[in-house]
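Q: Under the working numbering, read the sequence shown as residues 269 to 700, first letter to last.
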Amino acid sequence: MSATRLNFEQWKQLSLEAPERVVDEFLAKLDRIAPESYRSIIASHPDRERILSSLKAGCAREEAPLSGVPYILQDLFDVSGLPTLCGAPFTDPFVAPLEDSSLLYQKLNTLGGCFFAKSVPAEFGVDLRGCNPSYGDCPHADGLRYICGGGAGASIRAVAEGWAPLAFGLDTCGGIRIPAAFHGLFGFRMGINDFARDGVFPIVPSIESVGWVTGFIEDLLASFKAFHRLPLAMEPSRPRGYLLNDLAGPVDPSIKAGVMELIRELNINEDPPIRRRLLDAFARSGQALSVTESRELYSIHKYWIEEYADQYAPTLLQKIKYGRECTTTDAEKAVLIQQWIRACFTEFFVDHDYLVMPISPFPTPEKAIWSADLERDLEQLCAPASLAFLPALILPVSCAEGLHGAVQIIIHPRKLHIVPEILAQVTGYYSR
Numbered sequence: 269m270s271a272t273r274l275n276f277e278q279w280k281q282l283s284l285e286a287p288e289r290v291v292d293e294f295l296a297k298l299d300r301i302a303p304e305s306y307r308s309i310i311a312s313h314p315d316r317e318r319i320l321s322s323l324k325a326g327c328a329r330e331e332a333p334l335s336g337v338p339y340i341l342q343d344l345f346d347v348s349g350l351p352t353l354c355g356a357p358f359t360d361p362f363v364a365p366l367e368d369s370s371l372l373y374q375k376l377n378t379l380g381g382c383f384f385a386k387s388v389p390a391e392f393g394v395d396l397r398g399c400n401p402s403y404g405d406c407p408h409a410d411g412l413r414y415i416c417g418g419g420a421g422a423s424i425r426a427v428a429e430g431w432a433p434l435a436f437g438l439d440t441c442g443g444i445r446i447p448a449a450f451h452g453l454f455g456f457r458m459g460i461n462d463f464a465r466d467g468v469f470p471i472v473p474s475i476e477s478v479g480w481v482t483g484f485i486e487d488l489l490a491s492f493k494a495f496h497r498l499p500l501a502m503e504p505s506r507p508r509g510y511l512l513n514d515l516a517g518p519v520d521p522s523i524k525a526g527v528m529e530l531i532r533e534l535n536i537n538e539d540p541p542i543r544r545r546l547l548d549a550f551a552r553s554g555q556a557l558s559v560t561e562s563r564e565l566y567s568i569h570k571y572w573i574e575e576y577a578d579q580y581a582p583t584l585l586q587k588i589k590y591g592r593e594c595t596t597t598d599a600e601k602a603v604l605i606q607q608w609i610r611a612c613f614t615e616f617f618v619d620h621d622y623l624v625m626p627i628s629p630f631p632t633p634e635k636a637i638w639s640a641d642l643e644r645d646l647e648q649l650c651a652p653a654s655l656a657f658l659p660a661l662i663l664p665v666s667c668a669e670g671l672h673g674a675v676q677i678i679i680h681p682r683k684l685h686i687v688p689e690i691l692a693q694v695t696g697y698y699s700r
């Protein structure tokens, strides 16, 4: 295999022809990672024989949609025989290998996928930058000066480097969307589903969501179809969308230009009153998400912080403690904001099939410019889909100087059948 990314079909062909070579080259790539980077990216992986056996079993399912396709799992998902370490700063509760596997792992096996490795999450999957003080911050594929981003940043890094063509993680608060945008990858955030609940260490249980990334638009379509049974025949239609590009303030010109070029291929409505209603409803979405996250983090970690408080990252500990100290009034306001957002989407989806928004208002950021304001902007943009439990496509856009950005196309949850049509409409943008 070359160092370049391979698509699903190329991986399948190699896996059929030379499974031993595929496994040996994957393990060799891991061996070439610098030790300090390895610790921040790879949490664990099965031994060679188990990977090889899994790959051969996947290839034997010739009709399965992901037959022979390797994948990476964020280390919040259980896999039998391996521990789920959660990127935690303390290990005693997590070091034992598990007997059962998550529902997502089981589903991927039935689809023909082959599990290659677990990736290190941000500490307990909670950090928009992708930081983990215990294991080290996952480095961006383009260099140490850039932010990798998101709780599942290491999964995205694995796909960006071509180690595997598919990777999964939790996208509860943007854990997949943000690093996918910073690396220019394709992906999908699921809506409500059991894959985020069965055999998964939780971040914010009430709004948990699974997401995945791929390197190619055709692989995004193939993976989407693997998880979603679509009608055999639908009447021809042209899904109707709307662009909201200024929720978090000014958008970088490079991002805006890429977004405008992409949506030229789509059927976008430009009704100004809709913009005002959306902006009003989403104005405090970041605030509501922050309160919801903190309260549920506290419910999960309240006993551990009594014993391990000095080992938590200060920013995460602050979030947890805020959840403990949060007033009933603050909690009730967050619930009301969430209900308003859901009601707004319900109204919006009467006349529209999807909403287009940037994932980040700026291209891949350098570590030197990261700030609390930038973090709030990211949270604000990711919050509406999170709080409303909505599925979303992740589509990269071209930016200046080789940097990356992406849009999220938030989909009507009862109209997932429009996803292939949207992807067909934008395919020309990626073939130029």
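Virtual Cβ for every residue (Gly too), placed ideally from N, Cα, C.
#1: If I follow the unbroken beta strand (DSSP E) through W480, where does it start and stop?
#2: Does the distance from the CB of A581 to the CB of E391 come in under 7 Å?
#3: Three-state secondary structure (DSSP) at I415?
#4: What are the uninterrupted segments assigned as beta strand (DSSP E) that are 3 or more residues long and contained completely in the segment 594 to 663, given in chain order?
#5: By the 10 Å Cβ neighbour count, where 16 or more other Cβ atoms means buried, how is T352 classified, buried or exposed?
#6: Ordered along the chain, which non-local residues of its own chain (more than five positions away) have a Cβ less than 8 Å from that of K570?
#7: Any chance you could list the alpha helix (DSSP H) runs of at least 4 consecutive residues sitting entirely within the segment 307 to 388, in chain order?
#8: Is the beta carbon of I627 closer than 7 Å to that of A674?
#9: So, with DSSP's three-state summary, where would you put S270?
#10: Any contact between the segment 373 to 383 and the segment 472 to 479? By contact I mean 3 or more CB pairs, one from each, below 8 Å.
#11: What runs of the alpha helix (DSSP H), each 4 residues or longer, lie entirely inside the segment 538 to 575?
#12: Whole-angstrom Cβ separation of L453 and V624, contact assumed at under 8 Å?
#13: Taking the CB atoms as reference points, tell me whether I444 and A422 lie closer together than 7 Å.
#14: Less than 7 Å separating the beta-carbons of I609 and A656?
#15: Use the C-beta contact count for G349: other C-beta atoms within 10 angstroms, 16 or more gives buried, fewer gives exposed.
#16: Taking the Cβ atom as the reference point for each residue, do A448 and V481 lie within a distance shorter than 7 Å?
#17: With which residues is S666 paired in a DSSP beta bridge?
#18: What does F454 pair with, by DSSP beta-bridge criteria?
#19: Can you check whether the CB of L488 is closer than 7 Å to the CB of G509?
#20: Quick one, are the C-beta atoms of A660 and Q676 less than 7 Å apart?
#21: Give me the Cβ distance between P401 and G483, rounded to the nearest whole Å; I'm assuming they're in contact under 8 Å.
#22: Please report how far the alpha carbon of H408 lies from the alpha carbon of G398, in whole angstroms.
#23: Once you ignore the five residues that flank I531 on each side, which residues in its own chain have a CB closer than 7 Å to its CB?
#24: Based on the DSSP output, what are the partners of V434 in its beta bridges?
#25: Check whether the Cβ atoms of E561 and V694 sit closer than 7 Å, and answer yes or no.
#26: Just the C-alpha distance for F616 and I542, rounded to the nearest angstrom, thanks.
#27: Taking Cβ to Cβ, would you say A494 is nearer than 7 Å to P652?
#28: Any idea what DSSP makes of L534, helix, strand or coil?
#29: CA-CA distance, P365 and T440?
#30: Using a Cβ-Cβ cut-off of 7 Å (strictly less than) and excluding sequence neighbours within five positions of L646, which residues of its own chain qualify?
#31: What did DSSP end up calling G442 once you bin it into helix, strand or coil?
#32: Closest to D466 by C-alpha separation, out of L344, A426, Y590, would be which residue?
#33: Can you have a look at D405 and say buried or exposed, based on whether 16 or more other CB atoms are within 10 angstroms of its CB?
#34: Give the DSSP-derived three-state secondary structure of L511 in the structure shown.
#35: I'd like to confirm the pairing. Which residues does DSSP put opposite I679 in its beta bridges?
A: Looking at the atomic coordinates:
#1: Counting along the chain, the beta strand (DSSP E) containing W480 begins and ends at 478 to 482.
#2: The answer is yes: Cβ separation under 7 Å.
#3: Coil at I415, not helix or strand.
#4: Qualifying beta strand (DSSP E) stretches, in chain order: 622 to 626.
#5: Burial call: buried.
#6: Excluding positions up to five away in sequence, the list reads I588, R592.
#7: For the segment 307 to 388, whole alpha helix (DSSP H) runs of length 4 or above, ordered along the chain, are 316 to 328, 371 to 378.
#8: Yes.
#9: Confidence is the limiting factor: at S270 the pLDDT is only 38, short of 50, which leaves the residue's position unreliable, though a coordinate-based value still follows. DSSP places S270 in the coil class of the three-state scheme, outside both helix and strand.
#10: Judged by Cβ distances under 8 Å, the segment 373 to 383 makes no contact with the segment 472 to 479, as fewer than three pairs qualify.
#11: Correct list: 540 to 550, 553 to 569.
#12: At roughly 18 Å, the Cβ-Cβ gap does not stay under 8 Å, so L453 and V624 are not in contact.
#13: The beta carbons of I444 and A422 sit no closer together than 7 Å.
#14: Yes; because the gap between Cβ atoms is below 7 Å, this pair is in contact.
#15: Exposed: under 16 other Cβ atoms inside 10 Å.
#16: The Cβ atoms of A448 and V481 lie closer than 7 Å to each other.
#17: Paired residue(s): H672.
#18: DSSP lists T482 as partners of F454.
#19: No, the pair does not count as a contact, with Cβ atoms beyond the cut-off.
#20: Cβ distance < 7 Å, so A660 and Q676 count as in contact.
#21: Rounded to whole angstroms, the Cβ separation of P401 and G483 is 30 Å, and the two are not in contact under 8 Å.
#22: Roughly 10 Å between the two C-alpha positions.
#23: Once the five neighbours on either side are set aside, the close Cβ partners of I531 are L511, V624.
#24: Sequence inspection shows Leu at residue 434; the Val mentioned does not correspond to that position. T482, per the DSSP bridge assignment.
#25: No, Cβ-Cβ distance for E561 and V694 is not below 7 Å.
#26: Cα-Cα distance, rounded: 8 Å.
#27: In this structure, P652 does not lie closer than 7 Å to A494 by Cβ.
#28: Collapsing the DSSP output to three states places L534 in coil.
#29: Roughly 25 Å between the two C-alpha positions.
#30: For L646, where only same-chain residues beyond five positions count, the Cβ hits under 7 Å are L396, G442, I446, S628.
#31: Coil at G442, not helix or strand.
#32: Closest in alpha carbon position to D466, among L344, A426, Y590, is L344.
#33: Result: buried.
#34: DSSP places L511 in the strand class (E or B) of the three-state scheme.
#35: Bridge partners of I679 according to DSSP: Y622.
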